Structure formats: structure tokens, C-alpha cells
Amino acid sequence: MPVVTIKPSNKTITVTSGSRLVDAILAAGDTIAEKCGGKGECDSCHVFVQEGRKSLSKLQRKENEQLDQIVGIGSKSRLACQAIIGEEDITVELLGFSSGR
Ligand code: FES
Numbered sequence: 010m011p012v013v014t015i016k017p018s019n020k021t022i023t024v025t026s027g028s029r030l031v032d033a034i035l036a037a038g039d040t041i042a043e044k045c046g047g048k049g050e051c052d053s054c055h056v057f058v059q060e061g062r063k064s065l066s067k068l069q070r071k072e073n074e075q076l077d078q079i080v081g082i083g084s085k086s087r088l089a090c091q092a093i094i095g096e097e098d099i100t101v102e103l104l105g106f107s108s109g110r
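Numbering (our numbering), first residue to last: 10 to 110.
In C-alpha cells:
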């Protein structure tokens with residue numbers, strides 16, 4: 010089962026493949042906002058994936074469009090509510106960032 014490491018807290022959690030990234034972060038005891046209720050319609054759950062990007066589900070159009078609206082995003086950006094964890098370990102960085110949308 011994949012291990013998710015969360016920065017900067019360095020909390021880790023072992024999850025089952027197919028879990029949403031946002032659920033793993035919350036289950037690890039870290040804090041992340043879900044202002045739109047996990048619908049991919051805001052940016053409150055924006056994270057940087059430092060390692061294991063290929064283990065996450067592919068970007069879908071809705072998530073890609075939402076990320077396009079965030080200033081300064083890069084290829085490491087994901088919306089944690091839209092990213093499904095695969096088989097490999099991943100490391101994500103919480104940004105504490107939100108434009109309030
Ligand atoms: S909670 Fe709104 S995009 Fe993830």
C-alpha cells in the first residue's frame with residue numbers, strides 16, 4: 010500500500026490505492042481546506058506533488074482548467090480532491106494557499 014508523506018509537517022500515512030489525496034491528508038491529521046466540497050471548483054486544496062506524481066490519477070479537464078486559473082502553478086500542482094492515489098509512494102507539500110475562489 011502506498012505511503013503519503015505530507016510536507017512541511019512530515020506526517021505520513023499508509024493508504025489504500027484508489028483513495029483521494031485530500032482524504033489521505035486529512036486522515037494523517039493535517040489540515041487542508043475543501044471550500045467547494047471536493048468538486049474541483051476552487052483552489053483551496055491546491056498542493057505541490059514533490060515525489061510520485063506518476064502514481065496519481067491523470068489530470069482531467071476540469072482540474073486542469075481550475076489549475077490554469079491559479080497564478081504561479083507548475084507541473085507539480087494538483088487539486089488534492091481530484092487526485093486519486095495509485096500504487097506508489099508520494100510526497101506532497103501543502104501550500105496554505107488559496108485565492109478564496
Ligand atoms: S476542494 Fe475545491 S477544488 Fe478541491
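Cβ atoms here follow ideal geometry from the backbone N, Cα and C, with glycine treated the same way. Keep in mind it's a predicted model, so treat the numbers as computed, not measured.
Judged by DSSP secondary structure, residue 34 falls within the alpha helix (DSSP H) whose first and last residues are 30–36. The ligand FES never approaches residue 104 closely enough for any of its heavy atoms to be under 7 Å from the residue's Cβ. About 16 Å separates the Cβ atoms of residue 30 and residue 79, ruling out a contact at the 8 Å cut-off. One Cα belongs to residue 72, the other to residue 13, and the distance between them is close to 21 Å. Counted as a single uninterrupted DSSP element, the beta strand (DSSP E) harbouring residue 20 occupies residues 20–23. Residue 64 carries a helical assignment under DSSP once its states are collapsed to helix, strand and coil. Secondary structure note for residue 71: its alpha helix (DSSP H) is the uninterrupted segment 70–77. Its Cα nearest to that of residue 45, the residue 55 stands out among 55, 38, 27. Cβ neighbours of residue 33 within its own chain (closer than 6 Å, five residues either side excluded): 13, 22, 24.
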